Amino acid sequence: MASLCNTFTRRAKPTTISLFGIFTSPFTLTRPNSTLTQARCSRFLLRQASEFAPRECPTPLVLLRAKGLAGAEDEKEDYYAWGGMFSERGYTAVEIDIDAPEQSTSNKESLQVMAKELSQQIRLMMIPFPPIIVSTGSSTLLSQAFISDHPASALVLINPPSSADETRLLSQTTETSQDASQAPSGKGFDYEPHFPILYLSTKTETPEHRLQAHAERGVGRGGKGVTFEVLDESRAPGGERGEGTRMELERWLDRCGY
């Protein structure tokens, strides 16, 4: 792999974001058929911990977005502001976008390929500890698929779909699927939440999720449990990408010892 992330879009001047900065590529790339079943990293933006931070956290944050899942709306807002703020607070923060393969039978199949691509991007960072994965909305499907097969220090789910919607989205067939019978059976995630997990909701009505049942079984790194937090408008005036939500996440990281 020549670089951490090769980005090509079908615009006149696609933008490539790499470990070394932002530059513009003067050409577009036609993907061969052999790559249509592969996921790709379309954004990789790394911010090292600021040298002026009060302390430096050795465990990096991965601010993750999944794009192109069938039946799910892509997130339009990136984590640029969050990445800058966490860098100032002493965290290494990396924004990673993973695009679903163009040809796939179902979302479940796509997520397996996307999780593998995410794992490759993280491995090439050569970090000392497994990362803390942060995701929002339907992107939480990818973060949960990732931790089902790959190591992570902690998991942060912000406004994830309900468990019922997760199951529906996992079994969602794609437009390229020719046979709906090839879709996997309706089964959600079954990983054991025996590590620090933050379930953070900024919605008035929080959908039912299986992790809520684990929220009283321990909190933080010592208890390796699930923390369930609901933020009203006074605590999260900017919504799920607002500074109030980010500060709640930072407080949880402090309580967990990161």
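In full-length UniProt numbering, the protein residues as written are 1 to 258.
Note that beta-carbon positions come from the ideal geometry of N, C-alpha and C, so glycine has one too.
These figures come from a predicted structure and were not determined experimentally.
- Message: With the cut-off set at 8 angstroms, would you say residue 262 and Phe189 are in Cβ contact?
- Response: The displayed coordinates of the chain run from 1 to 258. Any statement about residue 262 would go beyond what the structure contains.
- Task: Can you tell me which of the three DSSP states Ala100 falls into?
- Result: coil
- Message: With H, G and I counted as helix, E and B as strand and the rest as coil, what does DSSP make of Arg246?
- Response: helix
- Query: If you compare alpha carbons, which of Arg255, Glu208, Tyr199 is closest to Leu231?
  - Reply: Tyr199
- Message: If the criterion is Cβ atoms closer than 8 angstroms, does the pair Pro193 and His214 meet it?
- Response: yes
- Message: If I measure Cβ to Cβ from Gln172 and keep anything under 7 angstroms in the same chain, skipping five residues before and after, which residues do I get?
- Response: Ala70, Gly71, Ser106, Asn107
- Item | Unbroken stretches of the beta strand (DSSP E), 3 residues or longer, contained in the region 114-157 | 132-136
- Message: Can you give me the C-alpha to C-alpha distance between Glu208 and Pro160, rounded to a whole angstrom?
- Response: 10 angstroms
- Query: With distances taken from CA atoms, which of Pro237, Leu249, Gly244, Gly238 is nearest Phe228?
  - Reply: Leu249
- Task: Using the Cα positions of Thr37 and Lys116, report the straight-line distance between them to the nearest angstrom.
- Result: 12 angstroms
- Message: At the level of alpha carbons, what is the spacing between Thr167 and Gln112?
- Response: 15 angstroms
- Message: From the DSSP secondary-structure annotation, give me the bridge partner or partners of Ser201.
- Response: Val230
- If you draw a straight line from the C-alpha of Ala53 to the C-alpha of Phe86, how long is it? 10 angstroms
- Message: Going by the DSSP bridge assignment, what does Phe44 pair with across the sheet?
- Response: Ile96
- Cβ shell of Phe129 (< 8 angstroms), same chain only, five flanking positions each side left out: Pro58, Thr59, Pro60, Ser153
- Quick one, are the C-beta atoms of Gly90 and Glu56 less than 8 angstroms apart? yes
- Message: Using only the alpha-carbon positions, how far apart do Lys224 and Thr140 sit?
- Response: 19 angstroms
- Query: Cα separation between Thr28 and Asp97?
  - Reply: In this prediction, Thr28 scores a pLDDT of 35, lower than 50, which makes its location untrustworthy; no coordinate-derived value is stated.
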